[in-house]
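*Asks:*
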Amino acid sequence: MKILHFYCIELLLVISIVASNGVKVTLKNGKLKGAMLDLVTGEGEYYSFKGIPYAQPPIGPLRFKAPLPAQKWKGVRNATRHGPICPQVDILTNIFLPGNEDCLFINVYSPNIKPKTLLPVIVYIHGGGFKSGSGNDAFYGPDFLIRKNMVVVTFNYRVDALGFLSLGTEDVPGNAGLKDQVLALKWVQNNIHVFGGDRHSVTIMGQSAGSASVALHVSSPMSKGLFHRAIALSGAPISEWALPFQPERRAFVLGKQLGFDTQDPEKLLNFLQNVTSDKLVNTAPYVVSSEEYSNNILRMYPFVPVVEKYVGKNSFLTYDIARKVDYMNKADILFGYTNQETAGVIERLISDLIPNYNKFPELFVPRKLFANIGQDLILDLADEIKDYYFGNKSVDTHSIVQFVTYSNYVAFVYDIVNYFTKLPVLKNTVRYGYRFSCVSSRNVLMTPAIKYGINGISHGEDLDYLFDPKLVKLNSDKHSEEFRLIDQITTLFTNFAKYGNPTPDSSLGVNWPKYDTKTRQYLDIGNNLTVLNVNDNDNIRFWDNVYQKADSILNRNCN
């Protein structure tokens, strides 16, 4: 009670609303001028503060290293525009987006900066395969979550080699991008009360690589005490695209391809800290050319989270999370996936993948199994997987429905279900599982797949029911089916953030059961809400058998 009283007094002291000059607040680092913006639904306004520095520019000698807290500024900082995005290559278009290495900015949106009771907070971590993305409202407009009386936070973190290069040294152990995220979460703990947010009620939420990041925060001592609940949408840290593959070799190969051949990590660091940033975020052509056929959108990217070799207070992850989770932060968890994860990139599956999967059948086997079993057994497993999904059919455009189903499970669904099922459940915490399957005009990425008879919701389209992307105009008319789905989905997710229970009452006409390892019940979030059971999923059972077979082979080889 005393803490709440203190916050209320502090809020009255630091907040001033001046109609002609925008909205002003005072942080420990300095003053900000934000703005009042209209909700896309026309239901009122919200407070917006964009482009707030949470770290010092990670440039020069700070490139590749853990971030340092932002320094104080003088005067009133304009917080009405986003800061620059981090340098990157867009994951879908492969277009270079220069951005700026001075990119570690945070954005805060609030329905009320002077509430009687501090409001729960959602901190969103963007996806993009650890190689692209930002926290900007071009994709993550906060309107729908603001409607549910949530304070919403988004931010940028470093990507590709700038964020995830590892030399295996104490100086550059890797995971700089994840440490950016940790610093952003610390910033929230220190500042969110100024915006009406409750630092004791913080939910981290991420999608794809952001979801894998959320799972890693749950299992990192560095993130202890920085959040209380976690929402993981369509991503697990054990998926092919999230796992490191010879990360130090990749760093030295990058240097060699850029014209500097050395085996000395100090010399390589000095070289890489002085090349232009575009060479460090367009790394696929440099690093994976020798393994081109085995690297694709379903499998991996050059620079991702790694296991750090040096244990200490500045270490984010020091154990192999794919083998065993050695540490857990106390947090309720909501996790899930969409029913057509890979259908949104169906044209790339047809043009880039199918020819190679015909030529190299071992690609059907998850790469993480290669180290465990011999080449002959890999081909046996490949035949088994191919037979399960395609039978006597050829792998071509005529069997694209089967290929999409296969890729849904191998790239996303199975690893998500497997990881969060096996993740230890701490005392007094709960877990909920879901599958998105709703269909509406907001599912724009599914358009190419529909002509092949595939319907549902693709990877990333679930976000369009949680956020209002300012880059495109999607239907959110209050009398539409789209809005009904938006309201239903944001109610479920914000209920979880507020109460640790997505259905605390009967208002939605369904009781979302807790997820446990025996019944494995989850909620299908379609145009209707239906409770289903993972144990009834033939694809999950098939992949359970594949991994059990691989484990038995590994155990035999070890003995």
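All the letters of the sequence shown, read from the start, carry residue numbers -19 to -1, 1 to 540 under mature numbering (1 follows the signal peptide of the UniProt record, and there is no 0). C-beta: ideal position from N, C-alpha, C; glycine also. Note that the coordinates shown come from a computational prediction; the quantities given were computed from them, not determined experimentally.
Taking 7 Å as the threshold (C-beta atoms), are I106 and G11 in contact?
*Replies:* Not a contact, by the Cβ cut-off of 7 Å.
*Asks:* Terminal residues of the continuous beta strand (DSSP E) containing G32?
*Replies:* It spans E26 to P34 - the beta strand (DSSP E) in which G32 sits, taken as one unbroken run.
*Asks:* Based on the DSSP output, what are the partners of D313 in its beta bridges?
*Replies:* Its beta-bridge partners are R210.
*Asks:* Do I431 and Y446 count as a contact pair if the criterion is CB distance below 7 Å?
*Replies:* No, Cβ-Cβ distance for Y446 and I431 is not below 7 Å.
*Asks:* Provide the residue(s) that pair with R58 in DSSP beta bridges, ordered along the chain.
*Replies:* The partner list for R58 (beta bridge, DSSP) reads L13.
*Asks:* Please name the residue or residues paired with residue 543 in a DSSP beta bridge.
*Replies:* The chain is shown only over -19 to 540; residue 543 falls outside these bounds and no answer can be derived.
*Asks:* Following the continuous alpha helix (DSSP H) through I359, name the residue where it begins and the one where it ends.
*Replies:* Element bounds for I359: Q356 to F371.
*Asks:* Classify I(-17): buried if its beta carbon has 16 or more other beta carbons within 10 angstroms, exposed otherwise.
*Replies:* Any reading at I(-17) must be qualified, since the residue scores a pLDDT of 38, below 50, and its modelled position is unreliable; the value itself is stated next. Answer is exposed; the Cβ neighbour count stays below 16.
*Asks:* Assign T386 to one of three DSSP states: helix, strand, or coil.
*Replies:* Helix, per DSSP.
*Asks:* P342 and P312 - do their beta-carbons sit closer together than 7 Å?
*Replies:* With the sequence shown as reference, residue 312 is identified as Ala, and Pro is not the correct amino acid for it. No, Cβ-Cβ distance for A312 and P342 is not below 7 Å.
*Asks:* Taking 6 Å as the limit between beta carbons, can you name the residues of its chain near residue 544, skipping five residues before and five after?
*Replies:* Outside the modelled stretch of the chain, which goes from -19 to 540, sits residue 544, for which no answer is possible.
*Asks:* Could you round the C-beta distance between V13 and V21 to whole angstroms and report it? I think they count as a contact, below 8 Å.
*Replies:* Checking the displayed sequence, the identity of residue 13 turns out to be Leu instead of Val. Contact flag wrong, Cβ pair sits at about 23 Å.
*Asks:* Find out if the Cβ-Cβ distance for the pair V411, K495 is shorter than 7 Å.
*Replies:* Cβ distance < 7 Å, so V411 and K495 count as in contact.
*Asks:* Using DSSP with H/G/I as helix, E/B as strand and the rest coil, what is D449?
*Replies:* In the structure shown, D449 sits in a strand (DSSP, three-state: E or B).
*Asks:* Heavy atom of the ligand ATP less than 6 Å from the Cβ of N492, yes or no?
*Replies:* Of the ligands one can find in the structure shown there are none, so the ligand ATP has no counterpart to examine.
*Asks:* For V453, which residues of its own chain have a beta-carbon under 8 Å away from its beta-carbon, when the five flanking residues on both sides are left out?
*Replies:* V425.
*Asks:* Would H198 be called buried (16 or more neighbouring beta carbons within 10 Å of its own) or exposed?
*Replies:* Buried, by the Cβ-count rule.
*Asks:* Just confirm the distance between the C-beta atoms of A190 and A223, as a whole number of angstroms; I'd bet it's less than 8 Å.
*Replies:* A190 to A223, Cβ: 7 Å. Contact.
*Asks:* Runs of 3 residues minimum, wholly inside the region 441 to 503: which ones carry the beta strand (DSSP E) assignment?
*Replies:* DSSP runs (the beta strand (DSSP E)) wholly in the region 441 to 503: none.
*Asks:* Would DSSP call M186 helix, strand or coil?
*Replies:* Three-state DSSP puts M186 in a strand.
*Asks:* So, does the region 165 to 173 touch the region 132 to 143, judging by three or more C-beta pairs under 8 Å?
*Replies:* Contact holds: three or more Cβ-Cβ distances are below 8 Å.
*Asks:* Restricting to Cα atoms, I'd like to know which of G178, S258 and G3 is closest to T98.
*Replies:* Among G178, S258 and G3, the Cα nearest to that of T98 belongs to G178.
*Asks:* Can you tell which of Q254, F208, A196 and G32 has its C-alpha closest to the C-alpha of V57?
*Replies:* Of the candidates Q254, F208, A196 and G32, the one whose C-alpha sits nearest the C-alpha of V57 is G32.
*Asks:* Kindly indicate which three-state DSSP category P123 falls into: helix, strand or coil?
*Replies:* Coil, per DSSP.
*Asks:* I'd like the list of long-range same chain contacts for S421, defined as Cβ closer than 7 Å, with 5 residues on each side in sequence excluded.
*Replies:* The answer, listed in chain order, is E462, E463 and L466.
*Asks:* Which parts of the region 92 to 172 are runs of the beta strand (DSSP E), unbroken and 3 residues or longer, counting only runs that do not cross its ends?
*Replies:* Correct list: 100 to 106 and 132 to 136.
*Asks:* Can you pull the DSSP bridge partners for I506?
*Replies:* Per DSSP, F417 and L510.
*Asks:* On a CA-only basis, which of V527, M309 and I506 is nearest D396? Give me that one, please.
*Replies:* If we check each option's Cα against that of D396, V527 comes out closest.
*Asks:* Looking at the structure shown, is V406 part of a helix, part of a strand, or coil, going by DSSP?
*Replies:* It is coil, neither helix nor strand.
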